[in-house]
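The structure under discussion appears below in the form of structure tokens.
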Amino acid sequence: MTKPAAISIKGLSKSFVATRVLEDINLDIAPGERVVVIGPSGTGKSTLLRCLNYLDHPDSGSIRIGDLSVDADTASRADILALRRKTSFVFQNYALFANKTARENITQALITVKGQSKADAIARADATLRETGLADKADAYPAALSGGQQQRVGIGRAMALDADLMLFDEPTSALDPEWVGEVLDLMRRVAEKRQTMLIVTHEIQFAREIADRIIFMDGGKIVEQGPPKQLLEAPQDARTKAFLRRVS
Amino acid sequence: MRALDFEYMLDLVPVLLGYVPLTLFMAIIGMFFALILASILAVERVFKIPVLDGFVRLFISFFRGTPLLVQLFLFYYGVPQVLSFLTNIDGVTATIMGLTLHFSAYMAESIRAAILGVDRSQWEAAQAVGMTQGQMMYHIILPQAARVAAPTLVNYFIDMIKGTSLAFTLGVTELMGATQKEAAGSFLYFEAFLVVAAIYWIMVEALAFLQRHLEVYLNKAHAR
Ligand SMILES: Nc1ncnc2c1ncn2[C@@H]1O[C@H](COP(=O)(O)OP(=O)(O)OP(=O)(O)O)[C@@H](O)[C@H]1O
Ligand SMILES: [Mg+2]
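In the order they appear, the protein sequences are chains A and B.
Just so we're aligned: the first sequence equals residues 3 to 250 in the working numbering.
Just so we're aligned: the second sequence equals residues 1424 to 1647 in the working numbering.
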């Protein structure tokens, strides 16, 4: 028997009004695995990530993380909260708490959600800020930070949660090109820790470097998946080939 | 035409200033409770809790739709006739209650609009880190809404200070009531009401000054 998957997604579907955005997504992610999702615009990549922490409520399907299993039909408010506390999310537009400093953005959830003491939370936040290279910006509010700095705080906020699964929704897409490198560098460092990650990105080169597996999505479905070398160099499906020709 | 009696006016100033604390007391206590009640009403209006929402809308509609003076009379003279435990309610308490209910209805609408104006990313980020709805509102959404609503809320506080003068109609000897008595004794109505107008005016201007500092403080997270 193989090692039980840390994460198991079964039959996940989601529609917005009339459009089917996710169709019967099945996906297992092993502990420590780094999975990258690529695919054309409007294909449901963000929706997949947002369904995994119920920012969008899936219509059907189940999500299991460790010993927690949440089914779309029966998900209670407590289930959803528990699921969110096993995941962390890095947003395309950073979504830092605008009324909190960089340090407070990290301590906030440690204190209110994880129940840590203020001193512990501050120690953790300061360590995280050092790791993200932002120790000198601890007391700065988001409005005073560059896009790259904001996103590094956003990643730091997610890192400090020690989640079973870190979700990244195009974390560099909103950045000026000059800040992309520093954010990818930080994500590489997270990946080196064998943190389980599910990353949506258009940075194919980066995906090749850090992914254990790349998933190609199109039309709300997983079309093809495999190790980076295989998927990027020897894609099987015509849609994957067409997409890769366009982006490279 | 006759000359103003400046000496009388000067003598009147310290007498009337003695009533300023009562005016501020009623306004501050009223504002305190109105802010709490308005926040609760506003949050309810945002989440539209079934059944409760109907009552909240009725409440807001009634207190915005009828004059403050009518509401005060209703509380002070009317309600005690049907609710006997309120028979001994004093004018100050009735005024504070009336101001609280009246202004909470207005302030709830301002706070609701400010809450709905908070960017969607802020709600999602709070949910994504696993906050409960209460934690999200308390730590993230309401503080940001407060910044937007603050100028309007201070304006309501100013209205409330002026509104305390209606306590005089409930037989309370507050700033306005005291002025009325003084004027009735001296027959110098113009001087007396001029002095009281100046006192209200200065209080409001002092508040407008504080308002500017409050806005700077609340905007500190947004300064570059
Ligand atoms: N809240 C919503 N209401 C209605 N339709 C939506 C909503 N969110 C997403 N959609 C639709 O669902 C489809 C998938 O959107 P999604 O954002 O998941 O795509 P994506 O793969 O992340 O695209 P991109 O690469 O542009 O970010 C799109 O057609 C989008 O218009
Ligand atoms: Mg997207």
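For every residue, glycine included, the Cβ atom is placed at its ideal position computed from N, Cα and C.
Owing to the predicted nature of the structure, the values given are computational and were not obtained by experimental measurement.
Buried versus exposed call for Tyr1612(B) [16 or more other C-beta atoms within 10 Å across all chains shown]: Position 189 of the second sequence, counted from the start, is the residue given in the question as residue 1612(B). Burial is judged here by how many other beta carbons sit within 10 angstroms of a residue's own beta carbon; Tyr1612(B) has fewer than 16 and is exposed.
Straight-line gap, Lys5(A) to Asp69(A) (C-alpha atoms, nearest Å): For this step, residue 5(A) is matched to residue 3 along the first sequence. For this step, residue 69(A) is matched to residue 67 along the first sequence. Annotation note: pLDDT 42 at Lys5(A) (below 50); position unreliable, no value reported.
Neighbouring residues (CB closer than 5 Å to any heavy atom of ligand 1): Sorted by chain position, residues whose beta-carbon lies closer than 5 Å to a non-hydrogen atom of ligand 1 are Phe18(A), Val23(A), Ser43(A), Gly44(A), Thr45(A), Gly46(A), Lys47(A), Ser48(A) and Thr49(A).
Three or more C-beta pairs below 8 Å linking the segment 1545 to 1561 of chain B and the segment 1622 to 1636 of chain B: Touching, no.
Buried versus exposed, by CB contacts within 10 Å (16 or more), Lys195(A): The count along the first sequence starts at 1 and reaches residue 195(A) at position 193. Exposed is the call here.
CA nearest to the CA of Ser1484(B), picked from Glu1597(B), Gly1453(B), Leu1524(B) and Leu1598(B): Taking the second sequence and counting its residues from 1, the one referred to as residue 1484(B) is at position 61. The option with the nearest alpha carbon to Ser1484(B) is Leu1524(B).
Per-residue burial, Tyr1499(B) [other beta carbons within 10 Å of its own, 16 or more giving buried]: Translated into the one-based positions of the second sequence, residue 1499(B) becomes position 76. Under a 10 Å Cβ-count criterion, Tyr1499(B) is classified as buried, with 16 or more other Cβ atoms of the shown protein chains found around its own Cβ.
At least three beta-carbon pairs within less than 8 Å, the segment 69 to 86 of chain A to the segment 1513 to 1524 of chain B: The segment 69 to 86 of chain A vs the segment 1513 to 1524 of chain B: no contact.
When Ile1581(B), Asp1428(B), Ala1551(B) and Gly1521(B) are compared against Ala160(A), the one with the closest alpha-carbon: If you number the first sequence from 1, residue 160(A) lands on position 158. Nearest of Ile1581(B), Asp1428(B), Ala1551(B) and Gly1521(B) to Ala160(A), Cα basis: Ala1551(B).
Partners in chain A for Met1560(B), counting only beta-carbon separations shorter than 7 Å: Counting from one through the second sequence, the residue named residue 1560(B) turns up at place 137. Ordered by position in chain A, no residue passes the 7 Å Cβ test against Met1560(B), which lies about 12 Å from the chain.
Any beta strand (DSSP E) of 3 or more consecutive residues that is wholly inside the segment 183 to 249 of chain A: 199 to 202, 215 to 220 and 223 to 228, all fully within the segment 183 to 249 of chain A.
Residue span of the beta strand (DSSP E) that contains Met1449(B), given as start and end: Along the second sequence, read from residue 1 onward, the residue named residue 1449(B) stands at position 26. Looking at the DSSP string, Met1449(B) is not in any beta strand (DSSP E); the run it does join, the alpha helix (DSSP H), is Val1443 to Phe1470.
Residues bridged to Asp171(A) (per DSSP): Taking the first residue of the first sequence as 1, we reach residue 171(A) at position 169. Beta-bridge analysis with DSSP links Asp171(A) to Val202(A).
Extent of the continuous alpha helix (DSSP H) run through Arg87(A): Locating residue 87(A) in the first sequence gives position 85, where the first residue counts as 1. First-last of the alpha helix (DSSP H) with Arg87(A): Arg79 to Lys88.
Met3(A) in three-state terms, based on DSSP: Along the first sequence, read from residue 1 onward, the residue named residue 3(A) stands at position 1. Confidence at Met3(A) is low in this model, with a pLDDT of 32, below 50, so its placement is unreliable and no value can be given for it.
8 Å Cβ shell around Met3(A) - same chain, five flanking residues per side excluded: Position 1 of the first sequence holds residue 3(A). A caution first: Met3(A) carries a pLDDT of 32, below 50, which makes its placement in the model unreliable, though a value can still be read off. For Met3(A), there are no CB contacts under 8 Å within the same chain when 5 residues up- and downstream are skipped.
Pairwise C-alpha distance: Leu1509(B) and Val1502(B): Start at 1 with the first residue of the second sequence, and residue 1502(B) comes out as number 79. Start at 1 with the first residue of the second sequence, and residue 1509(B) comes out as number 86. If you take the alpha carbons of Val1502(B) and Leu1509(B), they lie about 7 Å apart.
Residue-level contact to chain B via CB, Leu57(A), 7 Å cutoff: By one-based count along the first sequence, residue 57(A) stands at place 55. So, interface residue.
Interface partners of Thr114(A) on chain B, CB under 8 Å: For this step, residue 114(A) is matched to residue 112 along the first sequence. Residues of chain B whose Cβ lies closer than 8 Å to the Cβ of Thr114(A) are, in chain order, Met1554, Gln1558 and His1562.
Burial state of Arg1543(B), where buried means 16 or more other Cβ atoms lie within 10 Å: The residue labelled residue 1543(B) in the question sits at position 120 within the second sequence. When all chains shown are included, Arg1543(B) counts as exposed.
Contact under 7 Å by Cβ, Thr134(A) with Gly158(A): Here residue 134(A) corresponds to residue number 132 of the first sequence, with the count starting at 1. Here residue 158(A) corresponds to residue number 156 of the first sequence, with the count starting at 1. In this structure, Gly158(A) lies closer than 7 Å to Thr134(A) by Cβ.
Chain B contact for Phe99(A) (CB, 7 Å cutoff): For the purposes of this step, residue 99(A) is taken as the residue at position 97 of the first sequence. Output row for Phe99(A): interface = yes.
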